[in-house]
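Report on the following structure.
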Amino acid sequence: MAGAVRALPARLREISGLLAGRFGRPGICAHETDPVRNLVLTILSQNTTDANRDRAYDRLAKRFPTLPGLASARPPEVEEAIRVGGLARAKAKSILGALARIRAERGGYSLDFLRGMPLPEAREYLTSFPGVGVKTANILLLFSFGMPAFPVDTHVLRVTKRLGLVPGTATLAKAALSLEPHVGTGDHGPLHLNLIRLGRELCRPRNPLCAECPLLTVCPEGARNMKGKGRGPTPVRNALPGVPRSSKNGGHA
Ligand code: SF4
7 MAGAVRALPA
17 RLREISGLLA
27 GRFGRPGICA
37 HETDPVRNLV
47 LTILSQNTTD
57 ANRDRAYDRL
67 AKRFPTLPGL
77 ASARPPEVEE
87 AIRVGGLARA
97 KAKSILGALA
107 RIRAERGGYS
117 LDFLRGMPLP
127 EAREYLTSFP
137 GVGVKTANIL
147 LLFSFGMPAF
157 PVDTHVLRVT
167 KRLGLVPGTA
177 TLAKAALSLE
187 PHVGTGDHGP
197 LHLNLIRLGR
207 ELCRPRNPLC
217 AECPLLTVCP
227 EGARNMKGKG
237 RGPTPVRNAL
247 PGVPRSSKNG
257 GHA
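In our numbering, the protein residues as written are 7 to 259.
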C-alpha cells in the first residue's frame with residue numbers, strides 16, 4: 007500500500023492533465039465569494055441540484071439582502087424563502103445557527119480570520135457548525151480562501167472509486183481527506199471541477215460512456231467495461247495495487 011500511496015500524486019497529475027486536455031483548465035478566483043455568503047450557499051447545496059440550490063439562494067438573497075437582516079429573520083421566513091431547495095427546516099436552522107454563532111464569536115458576520123489558519127484547523131472550525139460537513143467546508147476553504155482543500159461530492163466520489171484512487175467503501179469525507187494531500191499545488195480547484203464535469207457528462211452513475219472518456223487508458227473500471235464490446239481489454243497504466251474495486255455504479259444511485 008505504501009507503493010500505492012507514493013504513486014497517487016503521479017496518477018492524480020496525469021488524470022488532471024488528461025481532463026484539462028479534454029475540458030480545459032477551469033480557473034477559480036479565490037476571494038471572489040464572500041465566505042459567509044458562501045457558507046450559506048453551501049448549506050443550501052446539500053441534497054439538491056445546483057439549479058434548485060441557486061433558486062433557493064436567489065430567493066433568500068432577494069428576501070434578505072443583508073446578512074444582519076437574514077440573521078434576524080424568523081425561521082419560518084427563511085424556510086419559506088428556501089423551500090425550493092428541499093430540507094428547508096433543517097437548512098434554515100443550520101443557516102440561522104451559523105450566523106448567530108459567527109456574530110457571537112466574532113462580533114460580526116465575517117470569517118476572514120480563517121484566512122491565516124492552517125487548513126486542518128480552519129476545516130475543524132467550519133465542520134463544528136451543525137449541517138457543515140467536510141465537503142461543505144472544503145468548498146468554502148477552496149473557493150473563498152484559495153486553500154488547497156479538495157472537495158469531494160457524489161460525482162467526484164463515484165469517478166475516483168472507478169479510477170481506483172480511493173477504496174470502493176470510501177465516504178465523501180474519507181475520500182476528500184485521503185486525496186487532498188496528493189493533489190498537485192494549484193490543482194485542487196481545476197481537478198475538482200473537471201472531475202465533476204466528467205461525472206456529469208461521461209462517467210454517469212449508470213452506463214458510463216467509457217469509449218468517449220479521456221481517462222479510459224488510466225481507468226480500471228473503464229477497461230472492465232470495454233471488455234466484450236469489440237474493442238478488447240484496454241491496457242490500463244499506473245493502476246494502483248491494493249485498492250479495492252468499486253462497485254459497478256461507484257456506490258451511488
Ligand atoms: Fe468513468 Fe469509464 Fe471514464 Fe473510467 S473510463 S472514468 S468508468 S467513464
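Note that the Cβ used here is the ideal one computed from N, Cα and C, for glycine as well.
Inter-residue Cα distance where the pair is residue i and residue j
i: L199; j: R109; result: 32 Å
i: P77; j: A106; result: Looking at the sequence provided, one finds Ala at residue 77 rather than Pro. Roughly 7 Å separates the two Cα atoms.
i: R212; j: V172; result: 19 Å
i: I154; j: R17; result: The sequence given here has Pro at residue 154, not Ile. If you take the alpha carbons of P154 and R17, they lie about 18 Å apart.
i: Q334; j: E20; result: The question about residue 334 has no answer here: the residues shown for the chain are numbered 7 through 259.
i: L14; j: T55; result: 31 Å
i: K99; j: V42; result: 15 Å
i: M232; j: A217; result: 7 Å
i: L185; j: V140; result: 13 Å
i: G75; j: D64; result: 15 Å
i: L93; j: L45; result: 16 Å
i: L201; j: K97; result: 27 Å
i: T191; j: S22; result: 12 Å
i: R206; j: L132; result: 28 Å
i: N144; j: R129; result: 7 Å
i: G238; j: R210; result: Caution is warranted here: a pLDDT of 48 is assigned to G238, below 50, making its placement in the model unreliable, and the coordinate value is therefore given only provisionally. Each residue's alpha carbon lies about 22 Å from the other.
i: G91; j: R59; result: 5 Å
i: L169; j: T72; result: 43 Å
For residue i, three-class secondary structure by DSSP
i: A181; result: helix
i: G174; result: coil
i: S78; result: coil
i: L148; result: helix
i: V42; result: helix
i: V165; result: helix
i: F29; result: helix
i: S100; result: helix
i: R251; result: Note that R251 scores a pLDDT of 35, beneath 50, so its modelled location is shaky; the value from the coordinates is reported in the next line. Of the three classes helix, strand and coil, the one that applies to R251 here is coil, per DSSP.
i: G274; result: In the structure as shown, the chain starts at 7 and stops at 259, and residue 274 therefore has no counterpart that could be examined.
i: D60; result: helix
i: P187; result: helix
i: P157; result: coil
i: Y115; result: coil
9 Å Cβ cutoff met for residue i and residue j
i: A57; j: A87; result: no
i: L25; j: P157; result: no
i: K180; j: E227; result: no
i: G137; j: I49; result: yes
i: L163; j: L146; result: no
i: A182; j: F135; result: no
i: P196; j: G27; result: no
i: P151; j: R112; result: First, the residue type needs correcting, since residue 151 is Phe and not Pro in the sequence shown. Not in contact: F151 and R112 (Cβ atoms no closer than 9 Å).
i: V165; j: L204; result: yes
i: F119; j: T39; result: no
i: A79; j: L102; result: yes
Heavy atom of the ligand SF4 within 8 Å of residue i beta-carbon
i: G228; result: yes
i: L204; result: yes
i: R80; result: no
i: L200; result: Correcting the residue type first, residue 200 is Asn in the shown sequence and not Leu. Every heavy atom of the ligand SF4 is 8 Å or more from the Cβ of N200, so no.
i: R168; result: yes
i: V90; result: no
i: L221; result: yes
i: L208; result: yes
i: N231; result: yes
i: E46; result: Here residue 46 is Val; the residue named in the question, Glu, does not match the sequence. Checking every heavy atom of the ligand SF4 against the Cβ of V46, none is found closer than 8 Å.
i: P214; result: yes
i: V165; result: yes
Test: residue i CB closer than 9 Å to a CB of chain B
i: P173; result: Of the protein chains in this structure there is only one, and it is not chain B.
Notebook entry, point to check: Curious, which full-length alpha helix (DSSP H) runs of at least 4 residues does the stretch 199 to 239 contain?
Noted result: 226 to 232
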